[in-house]
Amino acid sequence: MLRLVGGQIWCYLKERYRNVVPHYSCRWLSSTLELRTDNTKLDLEQFSRDVVAGKTYALARAITLAESRKLEHSQLAAELLDRCIALRGSTKETFRVGISGSPGVGKSTFIESLGCHITRDLNKKVAVLAVDPSSIIRGGSILGDKTRMNKLATEPNAYVRPSPSGGTWGGLARHTDEVITLCETAGYEVILVETVGVGQSEAAVADAVDMLILLVSPGAGDELQGSKKGILELADIVVVNRADGSTKLMAAKTRQEYLSAIELQQPRLSFWKTPVLLCSCIEKKMEPNAAQEMSSEDHWSTSSPILSPVDIWKEATQFHQLITQNGVLTAERVSKIYIILRLSPYQHRII
Ligand SMILES: Nc1nc2c(ncn2[C@@H]2O[C@H](COP(=O)(O)OP(=O)(O)OP(=O)(O)O)[C@@H](O)[C@H]2O)c(=O)[nH]1
Ligand SMILES: [Mg+2]
Numbered sequence: 425m426l427r428l429v430g431g432q433i434w435c436y437l438k439e440r441y442r443n444v445v446p447h448y449s450c451r452w453l454s455s456t457l458e459l460r461t462d463n464t465k466l467d468l469e470q471f472s473r474d475v476v477a478g479k480t481y482a483l484a485r486a487i488t489l490a491e492s493r494k495l496e497h498s499q500l501a502a503e504l505l506d507r508c509i510a511l512r513g514s515t516k517e518t519f520r521v522g523i524s525g526s527p528g529v530g531k532s533t534f535i536e537s538l539g540c541h542i543t544r545d546l547n548k549k550v551a552v553l554a555v556d557p558s559s560i561i562r563g564g565s566i567l568g569d570k571t572r573m574n575k576l577a578t579e580p581n582a583y584v585r586p587s588p589s590g591g592t593w594g595g596l597a598r599h600t601d602e603v604i605t606l607c608e609t610a611g612y613e614v615i616l617v618e619t620v621g622v623g624q625s626e627a628a629v630a631d632a633v634d635m636l637i638l639l640v641s642p643g644a645g646d647e648l649q650g651s652k653k654g655i656l657e658l659a660d661i662v663v664v665n666r667a668d669g670s671t672k673l674m675a676a677k678t679r680q681e682y683l684s685a686i687e688l689q690q691p692r693l694s695f696w697k698t699p700v701l702l703c704s705c706i707e708k709k710m711e712p713n714a715a716q717e718m719s720s721e722d723h724w725s726t727s728s729p730i731l732s733p734v735d736i737w738k739e740a741t742q743f744h745q746l747i748t749q750n751g752v753l754t755a756e757r758v759s760k761i762y763i764i765l766r767l768s769p770y771q772h773r774i775i
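Per my numbering, the sequence shown starts with residue 425, numbered consecutively.
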């Protein structure tokens, strides 16, 4: 405890007096704090029990340890993870979902509606890991996504955590797999991972989750010509968001473009054809009159109604059932464990 508090004070002082305190004084202060906090040994036994009991402060601290770049923290985190897994035993069935898309497409708004529905209506525990791009210079989060899910963050059954990507290639935080597993041992049944879709980042996210939902904006059809084409092969559901107001027609056109592109590609799973759905996070449902109006104005198919994030969750649940029944979920989880082992700096601990 002392060590953590000491660390926080030190970070604050370092930032606050960066230009004032001479370097040697900073080093002296740092070593003093280290000395004072070194005497306190972390009680891993109690710590892991707190995480598994679902105590948020313990989970937050465990994630901080797992994300740390320091070797001793990584080793502690690995030991903690081992203990949590052993304590939890067989975890409840969990569902890991990645939500990706270009900046500003509406990912956080979508996740917030979804999260509120899952916690309030389905009475399940939801953890949201918002992977923020990190500042290259200071290493901190740029977006601070927590502030943009205010409603969800106050839900007792929800845990919202922005994770700096740590400058990792592709924008995925280095330890997302471990962080997801920690959340699961803490009793979270649905894990939603938001990532900023910059280039290939979705490919890295797709590796860490059971399902990838790709959000695109109306008019994003042009992106299919370029770098975004590859991601379509990884997406399990494509959602054309912002299908409301003046962008309704454009959204229907974009949906058609994505449908045509999907027709041309080999499905990733034989039993699932990636649907392309229209969605609005701010309008509940499209009125029937508006649908007719749209079909007379435009030749694009309007067979897909404009859905809410809650409707899209039903589709996601269907996908989850199918991958569970077909054994794909288990097979993919096993291969992901292999990836953790291969990439983890403390792989000997997990083995
Ligand atoms: N009209 C409309 N606006 C939306 C919709 N969904 C989100 N927005 C708005 O789009 C803006 C950006 O939404 P965010 O949810 O922060 O988008 P994001 O993809 O998480 O953005 P980054 O995290 O910066 O990549 C906000 O002002 C939202 O209110 C939608 O369905 N329709
Ligand atoms: Mg966001």
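Even glycine gets a Cβ: it sits at the ideal position worked out from N, Cα and C.
Predicted, not measured: the structure shown is a model, and the values here were computed from it.
**Study point:** For M635: DSSP bridge partner residues
**Key:** V521
Check your understanding: Which stretch, first to last residue, makes up the alpha helix (DSSP H) that contains L683?
Key -> K672 to L688
Point to revise | Same chain only: Cβ atoms within 7 Å of L753, ignoring 5 sequence neighbours per side | key: D634 and I747
Point to revise | Of the residues K494, P729, T605 and K575, the one placed nearest S532, counting alpha carbons only | key: K575
**Study point:** Element boundaries [beta strand (DSSP E), containing V700]
**Key:** V700 to C703
Check your understanding: Is it the case that the CB of G478 approaches a heavy atom of ligand 1 more closely than 8 Å?
Key -> no
Check your understanding: Assuming L538 contacts W737 under a Cβ cut-off of 8 Å, what Cβ separation, rounded to an integer in Å, is found between them?
Key -> Contact holds; Cβ gap of about 6 Å.
Check your understanding: Exposed or buried, which one is R493 when buried takes at least 16 other CB atoms within 10 Å?
Key -> exposed
Exercise for review: Please work out which residues of its chain come closer than 7 Å, Cβ to Cβ, to T678, disregarding the five sequence neighbours upstream and downstream, and give them in chain order.
Suggested key: V640, P642, G643, A644, G645 and V664
Review point. What does a CB cutoff of less than 6 Å around T518 pick up in its chain, not counting 5 residues either side in sequence?
Key: E608 and E613
Review point. Got a sec: does ligand 1 put a non-hydrogen atom nearer than 8 Å to the Cβ of R544?
Key: no
Point to revise | For E469 and D668, the rounded distance between their alpha carbons | key: 52 Å
Check your understanding: Is D735 near ligand 1, judged by its Cβ being under 8 Å from some heavy atom?
Key -> Checking the Cβ of D735 against ligand 1 gives no.
**Study point:** Closest residue to I661 among L701, A755 and G478 (Cα-Cα distance)
**Key:** For the residues L701, A755 and G478, the minimum Cα distance to I661 belongs to L701.
**Study point:** Beta-carbon spacing of A610, C508 below 9 Å
**Key:** yes
Practice item. Confirm the yes/no value for this check: CB of K531, any heavy atom of ligand 2, distance under 8 Å. Key: yes
Practice item. Buried or exposed for R520, please, with buried defined as at least 16 other CB atoms from any protein chain shown within 10 angstroms of its CB. Key: buried
Point to revise | ligand 2 heavy atom lying under 8 Å from the CB of A551 | key: no
Review point. If you count every other CB in all the chains shown that lies within 10 Å of the CB of P733, and 16 or more means buried, which is it?
Key: buried
Exercise for review: State the DSSP-derived secondary structure class of T619, mapped to helix, strand or coil.
Suggested key: strand
Review point. Do you know how far the Cα of W696 is from the Cα of F375?
Key: The shown model of the chain, from 425 to 775, leaves out residue 375, and the question about it has no answer.
Practice item. Measure the alpha-carbon distance for L377 versus R666 and round it to whole angstroms. Key: What the structure shows of the chain is the stretch from 425 to 775, and residue 377 is not part of that stretch, so it cannot be assessed.
**Study point:** Three-state secondary structure (DSSP) of I661
**Key:** strand
**Study point:** Cβ-heavy atom distance, E496 to ligand 1, below 8 Å
**Key:** Not so, every heavy atom of ligand 1 lies at least 8 Å from the Cβ.
Point to revise | Selection from R544, V555 and A755 that minimises the alpha carbon distance to N581 | key: R544
Review point. Would you call the CB atoms of S618 and V552 closer than 9 Å?
Key: Before going on, a small fix: residue 618 reads as Glu here, not Ser. In contact: E618 and V552 (Cβ atoms closer than 9 Å).
Review point. How long is the line joining the alpha carbons of I819 and L616, rounded to whole angstroms?
Key: Beyond the ends of the chain as shown, which are 425 and 775, falls residue 819; an answer cannot be given.
Review point. Any heavy atom of ligand 1 closer than 8 Å to the CB of P527?
Key: At least one heavy atom of ligand 1 is nearer than 8 Å to the Cβ of P527, so yes.
**Study point:** DSSP three-state assignment for V779, whether helix, strand or coil
**Key:** Here the chain has residues from 425 to 775 only, and residue 779 is not among them.
Exercise for review: Note down, in chain order, each residue of its chain lying with its Cβ closer than 8 Å to the Cβ of V475, except the 5 sequence neighbours on either side.
Suggested key: A482, L483, A486, L504, C508, L606, T609 and A610
Point to revise | As assigned by DSSP and simplified to three states, the class of Y583 | key: strand
Check your understanding: Any heavy atom of ligand 2 closer than 8 Å to the CB of A554?
Key -> yes
Practice item. Would you mind reading off the limits of the alpha helix (DSSP H) that contains G669? Key: It is not in any alpha helix (DSSP H) - G669 carries neither H nor E in the DSSP assignment.
Practice item. Look at A675 and I637 and say whether their C-beta atoms are less than 9 Å apart. Key: no
**Study point:** Run of the alpha helix (DSSP H) containing P733, from where it starts to where it stops
**Key:** P733 to Q749
Exercise for review: Using 10 angstroms around the beta-carbon of L688, count the other beta-carbons present and answer buried if the total reaches 16, otherwise exposed.
Suggested key: The residue is exposed, with fewer than 16 neighbouring Cβ atoms inside 10 Å.
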